[in-house]
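J.: Residue numbers (our numbering), protein chains in the order written: chain A, 222 to 516; chain B, 222 to 516; chain C, 222 to 516; chain D, 222 to 516.
By construction, the Cβ of each residue, glycine as well, lies at the ideal position given by its N, Cα and C atoms.
Protein chains: 4
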Amino acid sequence: MPKTEHWGWYVERFAPTEEHHHAIGRVLYSGRSDFQQIAIIETEVFGKMLILDGDTQSSERDEHVYHETLVHPALAAAADRSNVLILGGGEGATLREVLRRPDVRLCTMVDIDGLVVDLAKRYLPEWSDGAFDDPRARVIIGDALAYLRDDREAYGAILSDLTEPLPDSPSHPLFNDAVFSLVKTRLAPGGIYALQASTAAIHNAALHCKMARTLRKHFRYVRSFFTHVPAFDTDWAFLACSDTVDVASTPAERIGEYCAGLRGTSAFYDAETHRRLFALPLYLRRMLAEEGEVF
Amino acid sequence: MPKTEHWGWYVERFAPTEEHHHAIGRVLYSGRSDFQQIAIIETEVFGKMLILDGDTQSSERDEHVYHETLVHPALAAAADRSNVLILGGGEGATLREVLRRPDVRLCTMVDIDGLVVDLAKRYLPEWSDGAFDDPRARVIIGDALAYLRDDREAYGAILSDLTEPLPDSPSHPLFNDAVFSLVKTRLAPGGIYALQASTAAIHNAALHCKMARTLRKHFRYVRSFFTHVPAFDTDWAFLACSDTVDVASTPAERIGEYCAGLRGTSAFYDAETHRRLFALPLYLRRMLAEEGEVF
Amino acid sequence: MPKTEHWGWYVERFAPTEEHHHAIGRVLYSGRSDFQQIAIIETEVFGKMLILDGDTQSSERDEHVYHETLVHPALAAAADRSNVLILGGGEGATLREVLRRPDVRLCTMVDIDGLVVDLAKRYLPEWSDGAFDDPRARVIIGDALAYLRDDREAYGAILSDLTEPLPDSPSHPLFNDAVFSLVKTRLAPGGIYALQASTAAIHNAALHCKMARTLRKHFRYVRSFFTHVPAFDTDWAFLACSDTVDVASTPAERIGEYCAGLRGTSAFYDAETHRRLFALPLYLRRMLAEEGEVF
Amino acid sequence: MPKTEHWGWYVERFAPTEEHHHAIGRVLYSGRSDFQQIAIIETEVFGKMLILDGDTQSSERDEHVYHETLVHPALAAAADRSNVLILGGGEGATLREVLRRPDVRLCTMVDIDGLVVDLAKRYLPEWSDGAFDDPRARVIIGDALAYLRDDREAYGAILSDLTEPLPDSPSHPLFNDAVFSLVKTRLAPGGIYALQASTAAIHNAALHCKMARTLRKHFRYVRSFFTHVPAFDTDWAFLACSDTVDVASTPAERIGEYCAGLRGTSAFYDAETHRRLFALPLYLRRMLAEEGEVF
Chain A
222 MPKTEHWGWY
232 VERFAPTEEH
242 HHAIGRVLYS
252 GRSDFQQIAI
262 IETEVFGKML
272 ILDGDTQSSE
282 RDEHVYHETL
292 VHPALAAAAD
302 RSNVLILGGG
312 EGATLREVLR
322 RPDVRLCTMV
332 DIDGLVVDLA
342 KRYLPEWSDG
352 AFDDPRARVI
362 IGDALAYLRD
372 DREAYGAILS
382 DLTEPLPDSP
392 SHPLFNDAVF
402 SLVKTRLAPG
412 GIYALQASTA
422 AIHNAALHCK
432 MARTLRKHFR
442 YVRSFFTHVP
452 AFDTDWAFLA
462 CSDTVDVAST
472 PAERIGEYCA
482 GLRGTSAFYD
492 AETHRRLFAL
502 PLYLRRMLAE
512 EGEVF
Chain B
222 MPKTEHWGWY
232 VERFAPTEEH
242 HHAIGRVLYS
252 GRSDFQQIAI
262 IETEVFGKML
272 ILDGDTQSSE
282 RDEHVYHETL
292 VHPALAAAAD
302 RSNVLILGGG
312 EGATLREVLR
322 RPDVRLCTMV
332 DIDGLVVDLA
342 KRYLPEWSDG
352 AFDDPRARVI
362 IGDALAYLRD
372 DREAYGAILS
382 DLTEPLPDSP
392 SHPLFNDAVF
402 SLVKTRLAPG
412 GIYALQASTA
422 AIHNAALHCK
432 MARTLRKHFR
442 YVRSFFTHVP
452 AFDTDWAFLA
462 CSDTVDVAST
472 PAERIGEYCA
482 GLRGTSAFYD
492 AETHRRLFAL
502 PLYLRRMLAE
512 EGEVF
Chain C
222 MPKTEHWGWY
232 VERFAPTEEH
242 HHAIGRVLYS
252 GRSDFQQIAI
262 IETEVFGKML
272 ILDGDTQSSE
282 RDEHVYHETL
292 VHPALAAAAD
302 RSNVLILGGG
312 EGATLREVLR
322 RPDVRLCTMV
332 DIDGLVVDLA
342 KRYLPEWSDG
352 AFDDPRARVI
362 IGDALAYLRD
372 DREAYGAILS
382 DLTEPLPDSP
392 SHPLFNDAVF
402 SLVKTRLAPG
412 GIYALQASTA
422 AIHNAALHCK
432 MARTLRKHFR
442 YVRSFFTHVP
452 AFDTDWAFLA
462 CSDTVDVAST
472 PAERIGEYCA
482 GLRGTSAFYD
492 AETHRRLFAL
502 PLYLRRMLAE
512 EGEVF
Chain D
222 MPKTEHWGWY
232 VERFAPTEEH
242 HHAIGRVLYS
252 GRSDFQQIAI
262 IETEVFGKML
272 ILDGDTQSSE
282 RDEHVYHETL
292 VHPALAAAAD
302 RSNVLILGGG
312 EGATLREVLR
322 RPDVRLCTMV
332 DIDGLVVDLA
342 KRYLPEWSDG
352 AFDDPRARVI
362 IGDALAYLRD
372 DREAYGAILS
382 DLTEPLPDSP
392 SHPLFNDAVF
402 SLVKTRLAPG
412 GIYALQASTA
422 AIHNAALHCK
432 MARTLRKHFR
442 YVRSFFTHVP
452 AFDTDWAFLA
462 CSDTVDVAST
472 PAERIGEYCA
482 GLRGTSAFYD
492 AETHRRLFAL
502 PLYLRRMLAE
512 EGEVF
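(1) Determine the direct distance from the alpha carbon of Ala-298(D) to that of Phe-499(C), and round the result to whole angstroms.
(2) I'd like the list of long-range same chain contacts for Asp-467(A), defined as Cβ closer than 7 Å, with 5 residues on each side in sequence excluded.
(3) For the 8 Å Cβ check, are there 3 or more pairs between the region 292–308 of chain A and the region 370–379 of chain A?
(4) In whole angstroms, give me the CA-to-CA distance for Leu-320(C) and Ile-261(A).
(5) Would you mind working out which of Asp-283(A), Val-292(A), Gly-513(A) and Gly-252(A) sits nearest Cys-480(A), comparing C-alpha positions?
(6) Against chain A, does Pro-294(B) count as a neighbour if the rule is that its beta carbon must be under 8 Å from one of theirs?
(7) Can you list, in chain order, the residues of its chain whose CB lies under 7 Å from that of Leu-340(C), leaving out five sequence neighbours each side?
(8) What's the C-alpha gap between Thr-315(D) and Val-232(D)?
(9) Give the straight-line distance between the Cα atoms of His-429(A) and Ala-458(A), rounded to the nearest whole angstrom.
(10) Determine the extent of the alpha helix (DSSP H) in which His-429(B) is found, giving its start and end residues.
(11) Pull out every residue of the region 257–269 of chain A whose Cβ sits closer than 9 Å to any Cβ of chain B, in chain order.
(12) Identify the continuous alpha helix (DSSP H) that holds Tyr-504(B) and give its terminal residues.
(13) Under 8 Å between C-beta atoms, does Asp-467(D) make it to chain C?
(14) Flag Leu-383(D) as yes when its Cβ comes closer than 7 Å to any non-hydrogen atom of the ligand SAH, and as no otherwise.
(15) Would you grab the beta carbon distance between Arg-407(C) and Ala-352(C) for me? Rounded to a whole angstrom, and I think it's under 8 Å.
(16) Closest to Leu-383(A) by C-alpha separation, out of Ala-367(A), Ile-333(A), Asp-371(A) and Thr-455(A), would be which residue?
(17) Starting from Val-360(C), trace the beta strand (DSSP E) in both directions and tell me its first and last residue.
(18) Give the single residue among Leu-273(C), Ser-280(C) and His-242(C) whose Cα lies nearest to the Cα of Ser-392(C).
(19) So for Ala-415(C), helix, strand or coil by DSSP?
(20) Where do the ends of the alpha helix (DSSP H) carrying Ser-402(B) lie?
(21) On the DSSP bridge assignment, give the partners of Ser-519(B) in chain order.
(22) Extract the residue ranges of the beta strand (DSSP E) inside the region 450–504 of chain C, only unbroken runs of 3 or more that lie entirely within it.
(23) Which residue's Cα is closest to the Cα of Ile-476(D): Ala-300(D), Gly-363(D) and Gly-309(D)?
(24) Decide yes or no for the touch test of the region 227–241 of chain D against the region 446–453 of chain C: beta carbon pairs closer than 8 Å, at least 3 of them.
(25) Return the chain-ordered list of same chain residues with a C-beta closer than 7 Å to the C-beta of Thr-420(C), the five sequence neighbours on each side being excluded.
(26) Any beta-carbon of chain A closer than 8 Å to the one on His-242(B)?
(27) Just to confirm before moving on: does the CB-CB distance between Leu-369(D) and Ala-418(D) stay below 8 Å?
(28) Consult DSSP for Trp-230(A) and reduce its assignment to one of helix, strand or coil.
(29) Just list the residues that DSSP pairs Ala-260(B) with in beta bridges.
(30) Phe-440(B) to Glu-374(B), Cα distance in whole Å?
(31) Going by DSSP in three states, Asp-371(C) sits in which element: helix, strand or coil?
(32) Do Val-337(D) and Gly-311(D) have their C-beta atoms closer together than 8 Å?
(33) What is the DSSP secondary structure of Val-443(C), counted as helix, strand or coil?
(34) Please tell me whether Gly-313(A) and Trp-348(A) are closer than 8 Å, where the distance is taken between their beta carbons.
(35) Would Glu-226(C) be called buried (16 or more neighbouring beta carbons within 10 Å of its own) or exposed?
(36) In its own chain, which residues sit with a C-beta less than 6 Å from the C-beta of Ile-362(D), not counting the 5 before and 5 after it?
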């Protein structure tokens, strides 16, 4: 038998008939927390990858695309960035991006799975890049829903970096009207709620549209934006929700100033990228305009 | 042994360590022409797929994204659309999109592989949707390079819908300076040369940039644009080249009028999609600005 | 994207966690009959393969192992070989092996799926090797169970070459007490019923033992024998059942004479191979001796 | 995306066109020693598996088949079992089987890869089942070839449990005439050299026959024997070599007495299994009788 370079493959199944196979270079961690199955592997094309319950969460090579997209459109448009809340975000990369703005005074992150946070610190330090040690960071291991219920603060931006609300996932109880009402009460005036929101690919945008329809019951402006995230194998979508701010229309100058005020270097986001993110193709605008199911 | 729903899988290998597996519903055709290996299959998620030499060429579910993107930005910007040339394009979908404009009087398509054209007519009629029977269509089975050498016509747009210029592919001899010089001599004043140009994903945009750099030696305006094509598993890029027309800057009104003049219904392209296609993310603008290898 | 030699793979799933992947060279046929999904492919290692409902039925490279094992131990031991019945056996290879003995005067084969027989004649002629044209062959397309009910002949050997009796398979109604009683009434004195009977591998012999236990209710001698069939990816087992003949004990001289009387050349079976087939390893003898479930 | 039960698969490639995929339950270890890539995983069907350089070495579910076959035919036939040598055998299961005979006074095991031995002790204790702690066991981490050169002892049996002699494997320098001459000088009178010797499947027995032919230059009796090892996905062959003892012909009574003298319970080997192991099918006897390449 000829030697094989790679004995192991990570297989992500998108549908019973669609799989992506990544050859595993090294297994850095493989186990199970109280909440989910966790694996951290190295691959040649995507570098390190974090996998929860068999789904890619982020990869070393393109996590900047995902995390800059989740954070900066919302923060650039927010009226006040001094106090920011992250739901989920265990890798620490959403936290990292938020803290790049010096006008953020406090960023609270609530993730249910302390093991993911610990493993991210140990095996994926590039993701947080020191953010966990920033005095402005407050990391709470706990239930985001309980936190929202008990909390009394007002946030300029709430960023939801949870896994997809699939029936068995720990994030499932966090996607419904009651939660959105809670989120809304925690937003400061001019505040923005941004969340990752499934795919927006032409053959597979129904869940995204359902999420958007649901949120339109709660917020005046619910804007879809999306980008291809290579490690996700598809276009990934987000929603920016607010009663006062239309994130899709943030002026290029404001974005330019915002980006100039970021510490470090961005890989993906600036005013032109913003234009790309929010310019939706014909099929998606049509689908978003249709009536349909809500959560 | 439990019954399996699908006995066969189409495996597209992007790298020795990256594969996408599609379960095969039916094999409509599987064989080899004088030029390449050809397969036409049905899949649940992407519908029918055309596969040449193991690479997905187009899928029923998203071929509109690809073909509208290849054709319409160039045609919307072209000074004169009366005479159009397609290099490759065997499925007939590029031809279909071109002929949707009534002001196209003649569209010549030159594809080397007559078997692909015949199989597309038989198994993929939705792709050409009658275009092969349009009296304005002229289909030549032959070598695109020889055609360019012998031809004396002037085209308002030349659309290159060839497979990737990989070393063993039949399209490889069509990607070099000599060919681009030839192409240029065939463009009418205000003419545009548009071609598909590999991927533009953050981890894999080097070949696209090399293609762009090469073409900048020949044309004043060389504009990158790209979109995610789900069946390709990645962002797919194109280049629009001209000495007189900057396709990235076509005014929205012109695009609106152009689209209004198209027969039938578009799935993807209009002025807002155009804005998306040509608004390049930060990393790609940086990479395109760098010096580097050319063909 | 680098060219891949093979775009398609046949994936046989043995369990939700175990699969064998064979690269497809050519797809000779792929479709569905009234009874099952049928595929005929070419592979480099196994040559042509017949696949029914996702399960390998036989391969060009090793079908002799399977078919010689099904036929010759039974025929060598049978008191009278003049009249033989095959249940299933669509490929025609069981028929071929039976007809290699000149003392077979008539061999009736009853297969429910005429399309499998037609495809085998067209694409797998090496399997039947002319047997379908032998005047001693009688091929009936129909239900084996109905045939057994209506038939009044007496057979020196009945060979069951059906697919595994899985819940949804067309062979499922053919594995129960009523059928075995019917089979028994069709056996001539000294007659033998031989059938393929799942795997006998150390980790997966339970179904075989259940089949053996069930048949022991009907026959005095129920002998297990097995061999590795590479294309099946495992050891494959058979049962030889009779009230009068212990097939495991056929003397080597009798086998030698029997084999000498076969037309053509055998690849696998002779007296020493017989000894191998019926010498069961310790674990299997232990398992067969245990009480347990029956059909 | 639907949750997948298994995110990782172990893919063993037997040929560029043949692969077996095992879903990974847990990764117990994954790393690299100075000599080879090592992985220890759990699977549902085979239990724990040891994988070296991408090749299955043994599995919890069927390692008894392999190790009993390597050890007992040789030891049952050997004139004197007091002193036994194992080349390789890192898991400790060959050692375990040898030490089951009380008349073994010393068993020396020489394995080059101390990490494999350490990992086996930690993660695969069922394999050695205490054998490493037996006072009769002597484990040397070192080069088997150097050991053979320097050693002056005489062994009643030398058992070679090395990985396949593929060009890049650490066992490659151990398969040639010089080594066999050395081995021979270390055998006591009536001594036997037994080694694992590739596959004996009908489509893939050439390497085994080449190994047998090579050894026939050195020993009077070179006997092939083989069994299906499910985790290896194929029939696995061995060779028993001696100038004085024909292992194929060990009388059943001697085997019975030998087995009765083994501590603990066997899963696979006894006199009937011995008959099976050494009764070779027609194709293999034909191939072994042919002239051909040697090492």
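T.: According to the structure shown:
(1) C-alpha separation (whole angstroms): 23 Å.
(2) Tyr-442 and Arg-444, listed in sequence order.
(3) Put simply, the region 292–308 of chain A touches the region 370–379 of chain A. At least three CB pairs are less than 8 Å apart.
(4) Going by C-alpha positions, Leu-320(C) is about 60 Å away from Ile-261(A).
(5) The residue with the shortest Cα to Cα distance from Cys-480(A) is Val-292(A).
(6) So, not an interface residue.
(7) Cβ within range, chain order: Tyr-250, Ile-259 and Ile-261.
(8) Their Cα atoms are separated by approximately 26 Å.
(9) Between His-429(A) and Ala-458(A), the C-alpha separation is close to 7 Å.
(10) Note, His-429(B): alpha helix (DSSP H), 427–437.
(11) Within the region 257–269 of chain A, the residues whose Cβ lies closer than 9 Å to some Cβ of chain B are Thr-264, Glu-265, Val-266, Phe-267 and Gly-268, listed in chain order.
(12) Where Tyr-504(B) is concerned, the enclosing alpha helix (DSSP H) starts and stops at 503–510.
(13) It does not: the Cβ of Asp-467(D) has no partner Cβ on chain C nearer than 8 Å.
(14) You won't find the ligand SAH in this model; it holds no ligand whatsoever.
(15) Between the beta-carbon of Arg-407(C) and that of Ala-352(C) there is about 22 Å, and that puts the pair past the 8 Å contact cut.
(16) The shortest Cα separation from Leu-383(A) among Ala-367(A), Ile-333(A), Asp-371(A) and Thr-455(A) belongs to Ile-333(A).
(17) Residue range 358–362 is occupied by the beta strand (DSSP E) that includes Val-360(C).
(18) When each option's Cα is compared against that of Ser-392(C), the closest is Leu-273(C).
(19) Ala-415(C): strand per DSSP, three-state reduction.
(20) In the DSSP assignment, Ser-402(B) falls within the alpha helix (DSSP H) that extends over 398–407.
(21) For residue 519(B) there is no data in the structure shown, the boundaries of chain B being 222 and 516.
(22) Restricted to the region 450–504 of chain C, the beta strand (DSSP E) segments that are unbroken, complete and at least 3 residues in length are 455–463, listed in chain order.
(23) It is Ala-300(D).
(24) Counting Cβ pairs under 8 Å, fewer than three are found: no touch.
(25) Within the same chain, Thr-420(C) has close Cβ partners Ala-426, His-429, Thr-455, Asp-456, Trp-457 and Ala-458.
(26) Yes, its Cβ sits closer than 8 Å to a Cβ of chain A.
(27) No, Cβ-Cβ distance for Leu-369(D) and Ala-418(D) is not below 8 Å.
(28) Assigned with DSSP and collapsed to three states, Trp-230(A) falls in strand.
(29) DSSP lists Ser-251(B) and Ile-272(B) as the bridge partner or partners of Ala-260(B).
(30) In this structure, the CA atom of Phe-440(B) is about 19 Å from the CA atom of Glu-374(B).
(31) It is helical.
(32) Contact: yes.
(33) Note: Val-443(C) maps to strand in three-state DSSP.
(34) Going by C-beta atoms, Gly-313(A) is nearer than 8 Å to Trp-348(A).
(35) Exposed: under 16 other Cβ atoms inside 10 Å.
(36) Cβ neighbours of Ile-362(D) beyond the five flanking positions: Gly-335.
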